[in-house]
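Q:
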Amino acid sequence: MENNKRPESMERITTPELAQAFIDEQVAALKAQVGDGKVLLALSGGVDSSVTAALLIKAIGENLVAVHVNHGLLRKGEPEQVIDVFRNQLKATLIYVDAVDRFLDKLAGVADPEQKRKIIGAEFIKVFEEEARKLDGIHFLAQGTIYPDILESGPVKSHHNVGGLPAEMNMELVEPVKFLYKDEVRMVGKQLGLPDSMVFRQPFPGPGLGVRCVGAITRDRLEAVRESDAILREEFAKNGLEGKVWQYFTVVPDFKSTGITDGQRTFDWPVIIRAVNTRDAVTATVENVPFELLEHITDRITHEVKGVNRVLYDLTPKPSATIEYE
Ligand code: XMP
C-alpha cells in the first residue's frame, strides 16, 4: 500500500506562488510516473476531478483521456461547461457519454433513497467500465481523491462519491491532489486557470439532483428541480449570496397541492428552497435570506417552472433535518 500520509515537510498552499510551485512539482512527478502512457479519468466537473484533469493535461496533454458521464442528474449547464472548458479551451481528450436515458430508465419507479443511491453508483461504474473497455492500452487511472477523503477513510468515500471505482479495473492509480485540503485544491485550480464557477462552486452530491427529486424520479419533476435550482443560483449570484452561503438548492417533493393561475385551478408541485451554512456539514444553520429576495425568487419559480404552483422556504437547521432531503 502506498503512503497515504501527508508529508510533514509539505507547506500549506496559501498563495498563488505556492500553488504554482505545487503545480510545477506535480507536473514533473506525473510525467515521471506515467511517461508516454495513457491515463483515464472520470471527470464529473466537480472541483477535485477538474483540478486533477487540468494538472494531467498540463503534464501529458492528450494522453489524458477524460470521461464525462451525464447521468441526467446534473445541474443545468454542467455538461456544457465541462465540454466547453476541457474540450474547447484546454483541448483535452474528452469522451462525453450521454447516459441520461439509461440512468432514468433504471431509476424509474424506485422511491427508496438508499436504493436510488445504489443504482446511480452501480450504473456509473458500469458506464465508466464500458468506456474504459473500448479504449486499448490504458494502464493508469486518475482519481481526484483529496486529503479529507483519505482521513475520513474508505467507507465514507464509497458512500459519498459516485466516482469511486472498483479495484478490479487493475490500473495503476494516479492521484495528484491526494494530500491537498479543499482550499488548497481551489488555490491550485485557480492558478491553473480554471473558471471561478468551477473552482469555487458549492458542494454537490454525487447522486446529484436525484436526491432532490424526492421519491421515485420522473422526468418532468426532475426538470422542475433543475429549472428551479438554476433560478435560485442565478438570483443568489445576482444578489451577492454566491460564495457567501455554503450550500443552496431546491427540492421538489412527490406531492401536489391546489393553486390558481389566471383564474384557472391548478394541481401542481411545490418547490422547497434550502440555503444553509456549515463548517463541516455535520451541523448546519439556515441562511437568513432577505424576504424580498425570497418573494422575487418565488415569483420567478411559480411563473417560469412548469408544474409548480407553490414555493416553500425550509427553516430547519441540522439537526433535526439533514442538509439534503434523502
Ligand atoms: P446531509 O444531507 O447528510 O449532507 O446533511 C451533508 C453534506 O454531504 C452531501 N451529501 C452527499 N455527497 N454523495 C455526495 O457526494 C452523497 O450521497 C451525499 N449525500 C449528501 C450534502 O450535499 C451535504 O453537503
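Going by this note's numbering, the first residue of the sequence shown is number 50, and it counts up by one from there. Virtual Cβ for every residue (Gly too), placed ideally from N, Cα, C.
Do the region 81-100 and the region 242-259 meet, that is, are 3 or more Cβ pairs less than 8 Å apart?
A: Result yes; three or more Cβ-Cβ pairs closer than 8 Å.
Q: Closest to Glu-111 by CA distance: which of Lys-175, Ile-144, Gly-238 is it?
A: Looking up residue 111 in the sequence shown gives position 62. Per the Cα distances, Ile-144.
Q: Buried or exposed: where does Val-360 fall if 16 or more other Cβ atoms within 10 Å of its Cβ makes it buried?
A: Along the sequence shown, one-based indexing puts residue 360 at 311. It counts as buried.
Q: Give every residue of the same chain whose Cβ lies closer than 8 Å to the Cβ of Thr-327, excluding the five residues on either side of it in the sequence, and list them in chain order.
A: Mapped onto the sequence shown, residue 327 falls at position 278. Trp-295, Gln-296, Ala-333, Thr-334, Lys-367, Ile-372, listed in sequence order.
Q: Say yes only if the C-beta of Gly-255 is nearer than 7 Å to one or more non-hydrogen atoms of the ligand XMP, and no if none qualify.
A: The residue given as residue 255 occupies position 206 in the sequence shown. Within the cutoff, so yes.
Q: Could you tell me whether any non-hydrogen atom of the ligand XMP is closer than 7 Å to the CB of Thr-64?
A: Working through the sequence shown from its first residue, we reach residue 64 at position 15. No, Cβ of Thr-64 sits at least 7 Å from all heavy atoms of the ligand XMP.
Q: Can we count Pro-225 as close to the ligand ADP, meaning its CB is less than 7 Å from some heavy atom?
A: Absence of the ligand ADP from the depicted structure is noted, with the ligand XMP being the only ligands included.
Q: Taking the straight line between their C-alpha atoms, what separation do you get for Ile-106 and Phe-249?
A: Numbered from 1 along the sequence shown, position 57 holds the residue referred to as residue 106. Numbered from 1 along the sequence shown, position 200 holds the residue referred to as residue 249. For Ile-106 and Phe-249, the distance between alpha carbons rounds to 20 Å.
Q: Going by the DSSP bridge assignment, what does Asp-147 pair with across the sheet?
A: Taking the sequence shown and counting its residues from 1, the one referred to as residue 147 is at position 98. Asp-147 is bridged to Asn-119.
Q: Measure the C-alpha to C-alpha separation of Val-146 and His-117 and round it to an integer number of angstroms.
A: As a working note, residue 146 is residue 97 in the sequence shown. As a working note, residue 117 is residue 68 in the sequence shown. When rounded, the distance between both Cα atoms is 6 Å.
Q: Using the three-state DSSP reduction, which class does Arg-124 fall into: helix, strand or coil?
A: If you number the sequence shown from 1, residue 124 lands on position 75. In this structure, Arg-124 counts as coil in the three-state DSSP scheme.
Q: Compute the minimum distance between the beta carbon of Thr-376 and the heavy atoms of the ligand XMP, and state whether it is under 7 Å.
A: Residue 376 is absent from the structure shown; the chain starts at 50 and stops at 375.
Q: Quick one: measure Cβ to Cβ for Arg-38 and Trp-318, integer angstroms, because I've assumed they're closer than 8 Å.
A: Because the chain is modelled from 50 through 375, residue 38 falls outside the range shown and cannot be assessed.
Q: Taking Cβ positions, are Ala-301 and Glu-375 nearer each other than 8 Å?
A: In the sequence shown, residue 301 corresponds to position 252, counting from 1. In the sequence shown, residue 375 corresponds to position 326, counting from 1. The sequence shown places Val at residue 301, not Ala. No, these two residues do not count as a Cβ contact at 8 Å.
Q: Straight-line CA distance for Val-76 to Ala-108?
A: Indexing the sequence shown from 1 puts residue 76 at position 27. Indexing the sequence shown from 1 puts residue 108 at position 59. Those two C-alpha atoms are separated by around 5 Å.
Q: Quick check on Ser-306: does DSSP put it in helix, strand or coil?
A: In the sequence shown, counting from the first residue as 1, residue 306 sits at position 257. In the structure shown, Ser-306 sits in a strand (DSSP, three-state: E or B).
Q: Can you have a look at His-120 and say buried or exposed, based on whether 16 or more other CB atoms are within 10 angstroms of its CB?
A: Numbered from 1 along the sequence shown, position 71 holds the residue referred to as residue 120. Looking at its Cβ environment, which holds 16 or more other Cβ atoms inside 10 Å, His-120 is buried.
Q: Taking 7 Å as the line, does the beta carbon of Lys-54 fall inside it for any heavy atom of the ligand XMP?
A: Along the sequence shown, read from residue 1 onward, the residue named residue 54 stands at position 5. No, the beta carbon of Lys-54 sits no closer than 7 Å to any heavy atom of the ligand XMP.
Q: What three-state label does DSSP hand Val-205 in the structure shown?
A: Here residue 205 is taken as the residue at index 156 of the sequence shown, counted from 1. Because Val-205 sits at a pLDDT of 43, beneath the cut-off of 50, its placement in the model cannot be relied upon, and the point is left open.
Q: Take the Cβ of Ala-286 as the centre, count every other Cβ of all protein chains shown within 10 Å, and call the residue buried at 16 or more, exposed below.
A: For the purposes of this step, residue 286 is identified with residue 237 of the sequence shown, where counting begins at 1. Flag for Ala-286 reads exposed.
Q: Per the DSSP calculation, Asp-311 is bridged to which residue(s)?
A: Walking along the sequence shown from the start, residue 311 turns up at place 262. Answer by DSSP bridge pairing: none, since Asp-311 is not bridged.
Q: Since Ala-191 is in the beta strand (DSSP E), which residue starts that stretch and which ends it?
A: Within the sequence shown, the letter at position 142 stands for residue 191. Where Ala-191 is concerned, the enclosing beta strand (DSSP E) stretches over 187-191.
Q: Which residue spans inside the region 66-116 form an unbroken beta strand (DSSP E) run of at least 3?
A: Here the runs fully enclosed are 87-91.
Q: What distance in whole Å lies between the Cβ atoms of Ala-265 and Val-159, which are believed to be in contact at a cut-off of 8 Å?
A: Along the sequence shown, read from residue 1 onward, the residue named residue 159 stands at position 110. Along the sequence shown, read from residue 1 onward, the residue named residue 265 stands at position 216. Contact flag correct, Cβ pair sits at about 6 Å.
Q: Can you find a heavy atom of the ligand XMP that lies under 7 Å from the Cβ of Val-34?
A: The structure shown does not extend to residue 34, since the chain is modelled only from 50 to 375, so the question has no answer here.
Q: Ignore the nearest five residues each way along the sequence and tell me which others in Val-354's own chain have a CB closer than 6 Å to its CB.
A: In the sequence shown, residue 354 corresponds to position 305, counting from 1. For Val-354, where only same-chain residues beyond five positions count, the Cβ hits under 6 Å are Ala-273, Glu-276, Ser-277.
Q: Are the region 160-169 and the region 178-195 touching, with three or more C-beta to C-beta distances below 8 Å?
A: Result no; under three Cβ-Cβ pairs closer than 8 Å.
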